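Take a look at the structure set out below.
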Amino acid sequence: MATDTDIAPAPTETDHHDHPAHLQHHFVSSEQQFDSAKLGMWLFLITEILLFSAMFVAYAVYRQWHPETFVAASETLNVTMGTINTIVLLTSSLTVALSIHYIQKDEVKKCIYNLGATLVLAGGFMVIKYFEYTSKFEHGAYPGGMFDPHGGHYAQLADVPFASQFFSIYFVMTGIHGLHVIIGMAVIGWVAVRAWMGSFSSEYYTPVELTGLYWHLVDIVWIFLFPMLYLI
Amino acid sequence: MSTDTQNTAVAQPDEHEEGENYLNHETSVWSWLSTKDHKRIGVLYCVTLALVFLAAGVLALVMRAELSGPGETMMANDTYNQVFSMHGIMMVFLFLVPSIPAILGNFVLPMQIGAKDVAFPRLNLASWYVYLAGATLTIMALLWGGVDTGWTFYTPYSKTTGGGVLWMTSAIFVAGFANIFTGLNFIVTIHKMRAPGMTWNRLPLFVWGMYATSIVQVLATPVIGITMVLLILEQVLQIGIFDPSLGGDPVLFQHFFWFYSHPAVYIMILPAFGIMSELIATFSRSRIFGYRAIALSSVAIAMLGFLVWGHHMFVSGQSVVSSIVFSLITYLIGIPSGIKVFNWVATLYKGSIWLQTPMIYALSFLFLFSIGGFTGIMVGVLSVDVHLHDTYYIVSHFHYVMMGGTVVALLGGMHYWWPKITGRMYNETLGKIAAFLVFVGFNLTFFPQLVLGAKGMPRRYATYADRFTDLHQLSTAGSGVLGVGLFLVLGYALWSLKYGEKAPANPWGAATLEWTNVAALPDPHNFKRTPLITRGPYDFHLADEVFGGGDGEADGDQGLRVPDAAPAAPLEPSRDA
Amino acid sequence: MGDFWLPEAASTIAPEVDSLFLFVTAVSAILLVGVTGAMLYFVYRYRRQSPGERPAPVEESKLLEISWIVIPTILVLLVFNWGFKSYVKMHAVPSEAYEIRVEAQQWNFLFEYPNGVTSDTLYVPEGEKVKMRMSSADVLHGFFIPAFRVKYDILPNRYTSVWFEATKEGDYDLFCTEYCGRNHSEMDKVVRVVSQDAFDNWLEEAGTSEDIPLPELGKQLYSQRGCQGCHSLDGSEMVGPSFQGLYGRTDHEMSDGTTLAVDENYLRESILKPEARIVAGYDNLMPGSYSSLSERQLTGLIEFIKEQSDKEPPASDQGQTTATN
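Chains G, C and A are the protein sequences, given in the same order. Under the numbering used here, the first residue of the first sequence is numbered 17, with each subsequent residue one higher. Under the numbering used here, the first residue of the second sequence is numbered 51, with each subsequent residue one higher. Under the numbering used here, the first residue of the third sequence is numbered 1348, with each subsequent residue one higher.
Okay, here's the thing in structure tokens:
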């Protein structure tokens, strides 16, 4: 991308009188700006972890109180779909990491391909999730008050006390996680467009890196959700 | 003596009439609504929060009026319940939590560390808009029939009562993001944006206070966010997490709620500690005694603050063992607060104490916060708390901390930085009268409540037994005095905007950067040249740029002469044209 | 100082709590006077003499700083230890304690004694250990007797308990301390401490509810079960419809627009399944807990409600449309 290098000529960080286009006026150097952005992102990720942690606590408490219910209800989840989704999401973490790797080497095209691949994988995750959800709704396995299991292997849940609670927690946790996936997809799409427009180079790729960090978090949350909800 | 060095390069005393400053360099409404300048965002927040405080304060006066007699005096139980709920919710979530960080933190913090702005100016502006969205949702809640759950939203009551609960919980969820944005911004700013020479040991204590606050904001706010989401889902989808009739647990809600709301108390009080240190140092012109102890105890309080939420639940159904552990940790957190008070008093020792309005507020704070602290120790005593829990003793205790502490410190801070924010001086005589009225009115309002509570008057009562009448009437009378004091402040503050005397750059003889290196009304980018810091924030004996060469030379009465800028950093970034 | 701060003490635990309260208050007052005194003295002693004054910096004293960390720590640990011991005592319910059931609901307490007697005044014998086993029919409530210094929340999904031993005969207040909605502040009862003999007599007499006439039983239930909190007898507006002139009405309007005649079966359904039909202009607030009334109690209550009206019974055609039980 020729235009890219034209825009950001700054050869050395020490030369303060050069102003790369991406450098905001209140920062002294690109380095300071990058470090700030990265620290800010890490703090944001911490808030995300705390957001999920409350739900994990709710899960732990009710699992402690009604262990049989959780085992019985968990068995109705589709482990195959869950496993495929785990693999899909892990692969997407790899591709987003590769996109950072390539932008650091100024290989903008490869970076965009990898962002695109991440987007496709994330979309795949959501499609599988959609099928999982609809198969539950068909059998009345709704969250909370509308819970009315029937048909298939869901019928037995009608006799399990507090089974609706498991599905409440399941839908709330995977739902909020899914929301994060969708937000992530939007951000990745935006970053890909900007990369295509030539905004990024090895000099300046903060948004790519931060998006990658965010995506890893989405992945990690799923790594916890999957065994907790599907396996144990 | 003071006039002969005025022709220095940096600042003229009347510069704000001619020169460009942050207020006059753009004046359109849009320039305010789209500003990324931390000072302007501070002012925007100041106006907004003043309106919220006014609304919630009027509700408090209405409550006290209703309680002037034991039976129904002017409103039905339902109305009273909504009034005290809205007072609590607005004061806590929409005023006290954002107050000092959003107003003074935004305005002062970047200047105190020698930065041009916070690290993420756009995020900072977004914070204000998100806050406005939260405030709008609050208004929706009011239109939808109000909220009568108290500010704690305890389940299952909050699920059974209709009205605006859904709107209100959404408002708290949304407004939480405004706090997260501010906290995140400050942590990064303090880590990454300090001027050359501004080491951690040279940070003004206000900055340390904001740092500790921001940590709590970032770590605690997401939990109230998800709790509110779960509460909303509980109402909409009946998910059965908190509602016992669906297998949920109301005590779990209380754990979640206090896991945020106890640290939130530190979000409210830690910035006040920061202001106190600034005021006491400047007006006694001495180094803060035990700078490190104060700085680190703020961080210690922020951390320990996450481990004491259970002391709100000694009689709520948690196990005896947890109560005992929570009580013990509660005491550990009391000690750093005590250390601070001792250190502040010791700072006065052999100082040069100037009793201006901000200092009067600072001294009021020491007295009121001490009572707040001692009553806090009292309600931390397990068996005594059983008697005092959910009575007016608790109400009074947290008003001593939140209003006697945070609001009084905020008032002190607003007077202290008023010249920097507006370029005008407030009327000192009226200031002192108002400070006196606030102090007297406050104690008259809340001390009788301590006695009421100890005698067994439960909180959140629209009507009460006859034998409590005298103390309630005393408290109502006090609230009137307090109200007069606060309206007086509002009055002369507005008056000073137009008619106030023009402020010099450093009217108090302070030694931190926002006074020594910034013009009377700050430049849009704060500093003409990036400052280089060579001494601690309260090293008055080294602050020759404030006082001139030797002792007794400067004239502190009409305002000190405008200081020279500290030497610029060697590698100076070029300024925008 | 005790009289200034604290209410009358009438239980065995109260003196312990009081002495701790007064000890903390006294120590706090001494420290407060010390801190404020030092502050005011310094403000006067070191007031600014000339505008340009620059005092020499004061050296920090390690000893001083350590002392004001260590001394308060010792003080608070002392207080913690004291408070923790009496707290444990409050929670260790003696096994021989006499148990009274407390059923809380918006906005009423009902006390049930081991022999099945129910009462809306809490009678307790003096000098005997009494345990309250408490539960709620709807939202959170609180059980607080200031004179006994006991308090605990009442929860809907589990039993909680408090115990005390009253030491002085007399009437005391009982308050609800966990906010529970509209009439929270009116959810109070009288605690009547009587001698053991008087208590036994009362229990004996109150236990004969089987024999009293039905309307009389209904009247008792009306105040015991908290009906009076929401339904007036004089026609005044409260949370629920007034009982005055209710029975026999033929144009009773429901929230879905239909009207019906108020007969015995309608009253029965409204007590047992309050959510089935809501009267126009009112909210569905009535607790479902009345379904546990016995058949005789139910009839008694209905007879009582009938007495509040001088209307003729509605022309009851056979096909009543009440929900079958």
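Here a beta-carbon is modelled for each residue, glycine too, at the ideal position from N, C-alpha and C. Please read these numbers as outputs of a predicted model, since none were measured by experiment.
I'd like the list of long-range same chain contacts for residue i, defined as Cβ closer than 7 Å, with 5 residues on each side in sequence excluded.
i                     : result
phenylalanine 1651(A) : Pro1562, Gly1565, Lys1566 and Tyr1569
lysine 390(C)         : Phe323, Ile344 and Ser347
proline 1461(A)       : Glu1446
leucine 146(C)        : Met318, Met452 and Thr456
threonine 1524(A)     : Gly1489, Phe1491 and Lys1498
Where does residue i fall in DSSP's three states?
i                  : result
methionine 1479(A) : strand
asparagine 576(C)  : strand
methionine 1601(A) : strand
glutamine 1453(A)  : coil
glutamate 219(G)   : coil
glycine 1573(A)    : coil
valine 1541(A)     : strand
glutamate 1473(A)  : coil
asparagine 1504(A) : coil
alanine 604(C)     : Because alanine 604(C) carries a pLDDT of 41, less than 50, the predicted location of this residue cannot be relied on, and no value is offered for it.
threonine 397(C)   : helix
glutamate 1512(A)  : strand
tyrosine 1519(A)   : strand
Let me check understanding here. Comparing Cα to Cα, which of the options lies closest to residue i?
i                 : options                                           : result
methionine 162(G) : Ala179(G), Glu148(G) and Gly168(G)                : Ala179(G)
glutamine 1453(A) : Tyr1526(A), Arg1480(A), Thr1372(A) and Ser1508(A) : Tyr1526(A)
asparagine 101(G) : Gly140(G), Gly167(G) and Thr111(G)                : Gly140(G)
leucine 12(C)     : Phe309(C), Ile222(C) and Ala152(C)                : A question about residue 12(C) goes unanswered here, because the residues of chain C that appear run from 51 up to 627.
glutamate 1602(A) : Val1626(A), Gly1592(A), Leu1614(A) and Ser1638(A) : It should be pointed out that residue 1602(A) corresponds to serine in this sequence rather than to glutamate. Nearest option by C-alpha distance: Val1626(A).
serine 1638(A)    : Leu1614(A), Val1477(A) and Arg1392(A)             : Leu1614(A)
alanine 176(C)    : Asn493(C), Phe256(C), Trp467(C) and Gly92(C)      : Gly92(C)
aspartate 293(C)  : Thr227(G), Ser184(G), Asp235(G) and Tyr129(G)     : Ser184(G)
histidine 532(C)  : Val286(C), Leu563(C), Gly454(C) and Asp573(C)     : Correcting the residue identity first, residue 532(C) is leucine in this sequence and not histidine. Looking at the Cα atoms, Gly454(C) is the closest of the given residues.
tyrosine 186(G)   : Ser45(G), Trp58(G) and Ala89(G)                   : Ala89(G)
serine 295(C)     : Ile236(G), His196(G) and Gln181(G)                : Gln181(G)
threonine 495(C)  : Met113(C), Met475(C), Tyr179(C) and Pro508(C)     : Met113(C)
valine 1364(A)    : Ala1553(A), Phe1495(A) and Ile1418(A)             : Phe1495(A)
glutamine 1644(A) : Leu1632(A), Met1633(A) and Leu1619(A)             : Leu1619(A)
glycine 1587(A)   : Val1390(A), Asp1610(A) and Asp1630(A)             : Asp1630(A)
valine 429(C)     : Ser377(C), Tyr588(C) and Glu478(C)                : Ser377(C)
asparagine 174(C) : Gly233(C), Ala165(C) and Ala484(C)                : Gly233(C)
Spatial neighbours of residue i within its chain, please: C-beta separation below 8 Å, excluding the five flanking residues on both sides.
i                 : result
arginine 172(C)   : Lys86
aspartate 601(C)  : Confidence at aspartate 601(C) is low in this model, with a pLDDT of 44, below 50, so its placement is unreliable and the value that follows should be read with caution. Cβ within range, chain order: n/a, list empty.
methionine 97(G)  : Ile144, Phe147 and Glu148
tryptophan 238(G) : Asn101, Thr102, Leu105 and His193
glycine 1528(A)   : Gln1453, Trp1454 and Val1486
Please return the same chain residues whose Cβ sits closer than 6 Å to the Cβ of residue i, not counting the five positions on each side in sequence.
i                 : result
isoleucine 150(C) : Pro321 and Leu460
aspartate 167(C)  : His88 and Pro160
Next on the checklist: Which complete alpha helix (DSSP H) runs does the segment 73-161 of chain C hold, if anything under 4 residues is left out?
Outcome noted: 79-83, 88-116, 127-139 and 147-150
Item to check | Members of the segment 36-63 of chain G near chain C, C-beta cut-off 7 Å | outcome: For the segment 36-63 of chain G, the set of residues with a beta-carbon nearer than 7 Å to any beta-carbon of chain C comprises His41, His42, Val44, Gln48, Asp51, Ser52, Leu55, Gly56, Leu59, Phe60, Ile62 and Thr63, in chain order.
Item to check | Secondary structure, beta strand (DSSP E): runs of 3+ residues fully inside the segment 421-448 of chain C | outcome: none
Next on the checklist: At 3 residues or longer, what runs of the beta strand (DSSP E) sit wholly inside the segment 167-237 of chain C?
Outcome noted: none
Next on the checklist: To be precise: take each residue of the segment 1406-1417 of chain A, compare its Cβ to all Cβ atoms of chain C, and keep it if any distance is under 9 Å. Which residues remain?
Outcome noted: Glu1407, Ser1408, Leu1411, Glu1412, Trp1415 and Ile1416
Next on the checklist: Counting only Cβ-Cβ distances shorter than 8 Å, please list the residues of the segment 1388-1400 of chain A near chain C, keeping chain order.
Outcome noted: Using a CB distance below 8 Å, the part of the segment 1388-1400 of chain A facing chain C consists of Phe1389, Val1390, Tyr1393, Arg1394, Arg1395, Gln1396, Ser1397, Pro1398, Gly1399 and Glu1400, ordered along the chain.
Checklist entry - Whole alpha helix (DSSP H) runs in the segment 255-313 of chain C with 4 or more residues, listed along the chain? => result 255-287
Checklist entry - Quick one: complete beta strand (DSSP E) runs, 3+ long, within the segment 1387-1468 of chain A? => result Listed in chain order, the complete beta strand (DSSP E) runs (minimum 3 residues) inside the segment 1387-1468 of chain A are 1445-1452 and 1455-1459.
Checklist entry - Which residues, in order along the segment 62-78 of chain G, keep a beta-carbon less than 9 Å from a beta-carbon of chain C? => result Ile62, Thr63, Glu64, Ile65, Leu66, Leu67, Phe68, Ser69, Ala70, Met71, Val73, Ala74, Val77 and Tyr78
Next on the checklist: Output needed in chain order: residues of the segment 105-133 of chain C with a Cβ under 7 Å from some Cβ in chain A.
Outcome noted: Asn127, Asp128 and Asn131
Next on the checklist: If the cut-off is 9 Å on Cβ atoms, which residues from the segment 1514-1542 of chain A count as contacting chain C, listed in chain order?
Outcome noted: Asp1520, Phe1522, Cys1523, Thr1524, Glu1525, Tyr1526, Cys1527, Gly1528, Arg1529, Asn1530, His1531, Ser1532, Glu1533 and Asp1535
Checklist entry - Got a sec: which bits of the segment 160-186 of chain G sit with their beta carbon under 8 Å from any beta carbon on chain C, in order along the chain? => result Gly160, Gly161, Met162, Pro177, Phe178, Ser180, Gln181, Ser184 and Ile185
Checklist entry - In chain order, which alpha helix (DSSP H) runs of at least 4 residues are fully inside the segment 536-601 of chain C? => result 563-566 and 594-597
Item to check | Every unbroken alpha helix (DSSP H) inside the segment 455-497 of chain C [4 residues or more] | outcome: 458-472
Next on the checklist: Any C-beta of chain A within less than 9 Å: which residues of the segment 357-384 of chain C qualify?
Outcome noted: Met363, Phe364, Val365, Ser366, Gly367, Val370, Ser373, Ile374, Ser377, Leu378, Thr380, Tyr381, Leu382 and Gly384
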